[in-house]
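Enquirer: Taking our numbering, the leading residue of the sequence shown gets 770, the next gets one more, and so forth. In this text, a Cβ means the ideal position worked out from N, Cα and C, and glycines have one as well. The model shown is predicted, which means the values in this text are computed figures rather than measured ones.
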Amino acid sequence: MTFYVENEVNAEFDFDIEQLSVMVASKVLESEGCDYDVEIGLTITDDEGIKELNSQFRDIDKPTDVLSFPNVNYEVPGDFSVIESDQKVDLINPDSGKIMFGDIVINEKRVRDQAAEYGHSQKREFAFLVAHSMLHLCGYDHMESDEAAVMEKKQEEVLSSLGITRD
């Protein structure tokens with residue numbers, strides 16, 4: 770896996786952003802059984818940057834905590850056999866030969882605010898947002914309550930297995 774990090778706002782935390790992101794993303798891919806060599810982009814931005822993206826891509830004119838932009842079009846969440854279909858040609862980075870899996874955008878301010886609000890570390894909040902987004906990149910959603918329950922369970926399993934708890 771290749772993880773590209775663009776820190777637009779020069780955010781600094783008491784953990785290594787790239788190291789934590791790779792650890793969480795790898796665990797999600799492992800737990801989902803994704804054996805493909807993938808590329809993932811991560812951008813750290815602020816309220817204004819994410820508000821602009823949220824408005825442009827979701828028609829919601831306000832900031833949010835995280836946005837996910839999957840490149841793979843799944844018929845069934847977590848069914849990576851779709852990568853072998855005709856869309857594989859469009860997913861391969863010609864320079865690296867890796868699958869361009871998708872992009873994650875995290876709002877630095879929301880990481881800090883939500884960590885304080887929920888009473889856990891910024892590391893835990895950041896890891897949660899990466900896990901959440903990675904599940905979106907794997908085809909999961911939370912628009913319906915049953916879908917949300919699946920995502921919540923998977924997120925907690927990944928974070929617990931890495932020892933990243935709410936404490």
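For isoleucine 819, I'd like the list of residues in its chain whose CB is within less than 7 Å of its CB, leaving aside the five on either flank, ordered along the chain.
Expert: Numbered from 1 along the sequence shown, position 50 holds the residue referred to as residue 819. Pro832, Thr833, Leu836, Val874 and Asn876, listed in sequence order.
Enquirer: Can you tell me the Cα-Cα spacing of asparagine 862 and threonine 934, whole angstroms?
Expert: Taking the first residue of the sequence shown as 1, we reach residue 862 at position 93. Taking the first residue of the sequence shown as 1, we reach residue 934 at position 165. C-alpha separation (whole angstroms): 35 Å.
Enquirer: Can you tell me which of the three DSSP states serine 890 falls into?
Expert: Working through the sequence shown from its first residue, we reach residue 890 at position 121. Residue state, collapsed to three classes: coil.
Enquirer: Between the segment 899-918 and the segment 883-891, do at least 3 Cβ pairs fall closer than 8 Å?
Expert: no
Enquirer: What's the C-alpha gap between glutamate 817 and valine 841?
Expert: For the purposes of this step, residue 817 is taken as residue 48 along the sequence shown, with counting starting at 1. For the purposes of this step, residue 841 is taken as residue 72 along the sequence shown, with counting starting at 1. Taking the straight line joining both Cα atoms gives about 27 Å.
Enquirer: In the DSSP output, what is glutamate 775 paired with across the bridge?
Expert: For the purposes of this step, residue 775 is taken as the residue at position 6 of the sequence shown. Looking at the DSSP assignment, glutamate 775 forms a beta bridge with Thr812.
Enquirer: Determine whether the beta carbon atoms of serine 790 and valine 778 lie at a separation below 8 Å.
Expert: By one-based count along the sequence shown, residue 790 stands at place 21. By one-based count along the sequence shown, residue 778 stands at place 9. Their beta carbons are not under 8 Å apart, which means serine 790 does not touch valine 778 by this criterion.
Enquirer: Can you give the Cα-Cα distance for valine 899 and glycine 866, rounded to whole angstroms?
Expert: Counting from one through the sequence shown, the residue named residue 899 turns up at place 130. Counting from one through the sequence shown, the residue named residue 866 turns up at place 97. Their backbone Cα atoms lie some 24 Å apart in a straight line.
Enquirer: Could you give the distance in angstroms between the alpha-carbon of glutamate 925 and the alpha-carbon of aspartate 859?
Expert: Indexing the sequence shown from 1 puts residue 925 at position 156. Indexing the sequence shown from 1 puts residue 859 at position 90. Whole-angstrom Cα-Cα distance: 32 Å.
Enquirer: I believe phenylalanine 870 touches glutamate 808 by the beta-carbon criterion, under 8 Å. Please report the beta-carbon distance rounded to the nearest angstrom.
Expert: Counted from its first residue, the sequence shown places residue 870 at position 101. Counted from its first residue, the sequence shown places residue 808 at position 39. The pair is a contact, with the Cβ atoms about 6 Å apart (cut-off 8 Å).
Enquirer: So, at 8 Å on beta carbons, what are the nonlocal neighbours of leucine 928 in its own chain, with the 5 sequence-adjacent residues on each side left out?
Expert: Position 159 of the sequence shown, counted from the first residue, corresponds to residue 928. Closer than 8 Å at Cβ, skipping near neighbours: Val793, Arg893, Ala896, Phe897, Ala900 and Thr934.
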